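Going by full-length UniProt numbering, the sequence shown opens with residue 1, and the numbers climb by one from there.
For each residue, glycine too, the CB sits at the ideal point set by N, CA and C.
Small disclaimer: the values here were computed from a predicted structure and weren't measured.
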Amino acid sequence: MLLLVLDRSGKAGTNTMLTHIQIASAKPSAKPFNLSDSQGLFLTVQPNGSKLWRLSYRYLGRQKTLHLGPWPDVSLADARVRRDAARKQIAAGLDPAQEKKRARVTEKIAAANTFKDVAEEWVAKCEREERAPITLEKIRWLLGMAYPMIGTLPISKITPQEVLAVLRKVEATGRYESARRMRSVLSRVFRYGIATARADRDVAADLRGALITPKVQHLAAITTPKEAGGLLRAIEGYTGHEITAIALRLSPHLFVRPGELRSAEWTEFDTPGAVWSLSAEKMKMRRPHRVPLSRQVLDMLEELQALTGDGRFLFPSFRSPKQCMSENTVNAALRRLGYSQEEMTAHGFRAMAATLLNEMGIWNPDAIEKQLAHLDTSMVRRSPARPVSTTPSNCSTAGVTPRRKAARPQTPIGPTPRACRPLLQISGSRDAPVGSWSTPRTLAPKQKTFKIPTCSRSSNCILRSGRCLRSAFK
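See the structure below:
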């Protein structure tokens with residue numbers, strides 16, 4: 001392509017190289033005039049004294065002018081650099097003026113699509129997908145720590161170094177797990193930006209190996225039979241709020257995640273069918289989950305329905321009935337019972353169930369993991385299962401399939417939930433001894449006979465009221 005260099009009259013002529021002194025000493029006149037430099041570059045001196053760099057060029061047979069900026073903001077050397085860049089675009093078949101407009105539009109779009117804008121849009125998408133409220137709360141909390149540093153930056157312009165600086169700031173406080181989770185959330189925002197054509201790459205993905213790996217710390221849990229028995233006795237003696245007391249009593253029976261229990265809704269319960277059905281949106285693994293309800297649980301639900309049955313939640317917030325109970329309520333109740341944060345937590349009921357049920361050696365380990373709503377049933381358990389016991393279930397573990405001998409099909413055995421009998425004398429203090437076991441008893445006709453222990457002090461056992469707890473401990 002032919003590039004013509006024009007003089008200030010618009011005609012082809014010889015080039016004269018400008019100097020800084022010539023530019024600085026040029027005085028304005030009544031009309032604008034041009035000072036030519038070289039290769040189409042010239043300086044226009046306006047009547048008001050302003051001086052503007054411009055480039056004359058031909059593109060597709062048309063004479064055009066490209067504005068390069070005002071002097072002295074754009075020096076003589078800078079103007080020549082911009083001229084050379086424009087000439088390269090012309091040689092590549094591009095129109096410098098159009099490319100300048102396109103770049104301006106791109107920058108404007110990038111400025112309008114800051115990281116915070118894209119992140120908030122992604123969070124709104126998660127809400128429409130009905131993510132769990134607690135999940136959305138955690139996402140907003142993590143993003144809120146990132147906004148001060150990268151929130152106002154165009155998402156397409158953010159570098160890995162800038163994201164790493166955000167993560168390092170969180171790491172500096174010792175919150176290694178929070179930094180790891182933040183990187184994951186930031187990565188999802190960048191991937192959403194890519195999917196919506198506002199980001200070119202996921203810069204957070206490059207930082208996987210840059211963060212400190214947090215030490216895995218299990219939430220405190222009681223996992224020995226003796227201590228578990230003391231905990232169950234203490235729960236039965238809880239004298240706090242009645243709704244909180246029922247939440248405590250239900251925890252060892254259901255061993256669901258604390259957030260799933262406190263956000264339970266009455267519409268999720270099928271009391272005639274004795275099943276609690278949780279939707280995928282409420283589950284950590286995003287899969288629907290069904291929890292069998294024992295007779296004891298149904299009795300507690302009947303008791304609870306008289307208190308909160310006219311509302312949405314089983315455990316409404318004490319401050320706002322339209323919201324569920326606070327996540328700290330059950331933990332606070334455990335502290336009131338004398339259990340420190342290092343001894344027992346609301347989440348610890350799950351570890352207690354996993355450990356003790358596996359140690360009993362009666363139940364299929366995969367069935368236990370399934371009831372815990374774990375995604376991978378081959379995961380390492382807190383305690384290995386012992387050899388199959390000859391003693392059937394002695395607790396309200398409805399819906400969990402015991403293991404038979406390998407040659408027989410794994411079908412449910414033992415009494416149904418409503419045939420469970422009170423088993424454990426738990427009245428008294430936290431450390432009171434457990435009652436002894438008496439002679440076996442026989443189930444109703446047409447059912448297989450099993451030896452089921454019963455409390456020797458059954459005459460005064462508070463479990464006669466239908467509050468049979470999960471297991472009996474020696």
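CA-to-CA distance, residue j to residue i, given in whole angstroms
{"i": "residue 345", "j": "residue 220", "result": "6 Å"}
{"i": "residue 195", "j": "residue 160", "result": "19 Å"}
{"i": "residue 427", "j": "residue 371", "result": "Its pLDDT being 36, under 50, residue 427 is placed unreliably by the model, and nothing is read from it."}
{"i": "residue 267", "j": "residue 343", "result": "34 Å"}
{"i": "residue 306", "j": "residue 327", "result": "23 Å"}
{"i": "residue 57", "j": "residue 28", "result": "25 Å"}
{"i": "residue 394", "j": "residue 222", "result": "For residue 394, the predicted structure reports a pLDDT of 40, less than 50, and the residue's modelled location is therefore unreliable. A value from the coordinates is still provided. Between residue 394 and residue 222, the C-alpha separation is close to 19 Å."}
{"i": "residue 133", "j": "residue 296", "result": "30 Å"}
{"i": "residue 374", "j": "residue 360", "result": "20 Å"}
{"i": "residue 270", "j": "residue 286", "result": "21 Å"}
{"i": "residue 147", "j": "residue 304", "result": "43 Å"}
{"i": "residue 122", "j": "residue 83", "result": "42 Å"}
{"i": "residue 273", "j": "residue 294", "result": "11 Å"}
{"i": "residue 41", "j": "residue 179", "result": "53 Å"}
{"i": "residue 168", "j": "residue 201", "result": "21 Å"}
{"i": "residue 355", "j": "residue 245", "result": "24 Å"}
{"i": "residue 163", "j": "residue 204", "result": "7 Å"}
{"i": "residue 262", "j": "residue 213", "result": "31 Å"}
{"i": "residue 79", "j": "residue 186", "result": "40 Å"}
{"i": "residue 23", "j": "residue 172", "result": "54 Å"}
{"i": "residue 152", "j": "residue 37", "result": "41 Å"}
{"i": "residue 315", "j": "residue 181", "result": "29 Å"}
{"i": "residue 126", "j": "residue 142", "result": "15 Å"}
{"i": "residue 358", "j": "residue 225", "result": "12 Å"}
{"i": "residue 32", "j": "residue 48", "result": "9 Å"}
{"i": "residue 312", "j": "residue 322", "result": "7 Å"}
{"i": "residue 349", "j": "residue 149", "result": "40 Å"}
{"i": "residue 191", "j": "residue 199", "result": "8 Å"}
{"i": "residue 278", "j": "residue 129", "result": "16 Å"}
Option in the options with minimal Cα separation from residue i
{"i": "residue 334", "options": "238, 226, 254 and 366", "result": "238"}
{"i": "residue 60", "options": "94, 37 and 145", "result": "94"}
{"i": "residue 282", "options": "257, 266, 303 and 293", "result": "257"}
{"i": "residue 183", "options": "290, 332, 207 and 279", "result": "207"}
{"i": "residue 114", "options": "156, 204 and 163", "result": "156"}
{"i": "residue 54", "options": "63, 203, 64 and 43", "result": "43"}
{"i": "residue 39", "options": "70, 105, 25 and 90", "result": "90"}
{"i": "residue 290", "options": "302, 316, 309 and 254", "result": "254"}
{"i": "residue 188", "options": "225, 165 and 139", "result": "139"}
{"i": "residue 87", "options": "103, 64 and 75", "result": "64"}
{"i": "residue 230", "options": "321, 252 and 243", "result": "252"}
{"i": "residue 144", "options": "125, 116 and 124", "result": "116"}
{"i": "residue 337", "options": "234, 284 and 126", "result": "234"}
{"i": "residue 331", "options": "341, 323 and 322", "result": "341"}
{"i": "residue 20", "options": "71, 129 and 319", "result": "71"}
{"i": "residue 548", "options": "225, 218 and 176", "result": "The structure shown does not extend to residue 548, since the chain is modelled only from 1 to 474, so the question has no answer here."}
{"i": "residue 301", "options": "265, 317, 279 and 329", "result": "265"}
{"i": "residue 284", "options": "26, 75, 50 and 136", "result": "136"}
{"i": "residue 76", "options": "101, 97 and 17", "result": "17"}
Simplified DSSP state of residue i, which is helix, strand or coil
{"i": "residue 192", "result": "helix"}
{"i": "residue 383", "result": "Residue confidence for residue 383 is low, a pLDDT of 38 falling below 50, so the modelled location carries little weight; the figure read from the coordinates is stated next. In the structure shown, residue 383 sits in coil (DSSP, three-state: anything other than H, G, I, E or B)."}
{"i": "residue 270", "result": "strand"}
{"i": "residue 374", "result": "coil"}
{"i": "residue 445", "result": "Since pLDDT at residue 445 reaches only 37, below the 50 mark, its modelled position is unreliable, and no value is offered."}
{"i": "residue 421", "result": "Per-residue confidence for residue 421 stands at a pLDDT of 33, beneath the threshold of 50, marking its modelled position as unreliable; the derived number appears in the next sentence. If DSSP states are grouped into helix, strand and coil, residue 421 belongs with coil."}
{"i": "residue 154", "result": "strand"}
{"i": "residue 211", "result": "coil"}
{"i": "residue 43", "result": "strand"}
{"i": "residue 35", "result": "strand"}
{"i": "residue 19", "result": "coil"}
For residue j and residue i, believed in contact at Cβ under 8 Å, the rounded distance
{"i": "residue 247", "j": "residue 352", "result": "That pair is no contact at about 16 Å."}
{"i": "residue 193", "j": "residue 118", "result": "5 Å"}
{"i": "residue 30", "j": "residue 51", "result": "Contact flag wrong, Cβ pair sits at about 16 Å."}
{"i": "residue 288", "j": "residue 280", "result": "5 Å"}
{"i": "residue 74", "j": "residue 68", "result": "6 Å"}
{"i": "residue 308", "j": "residue 243", "result": "7 Å"}
Q. Which full runs of the beta strand (DSSP E) of 3+ residues lie inside the stretch 264-343, going along the chain?
A. 275-278 and 289-292
(Q) Quick check for students: name the residue ranges of the beta strand (DSSP E) that lie wholly in the stretch 45-131, counting only runs of 3 or more. (A) 51-59 and 62-71
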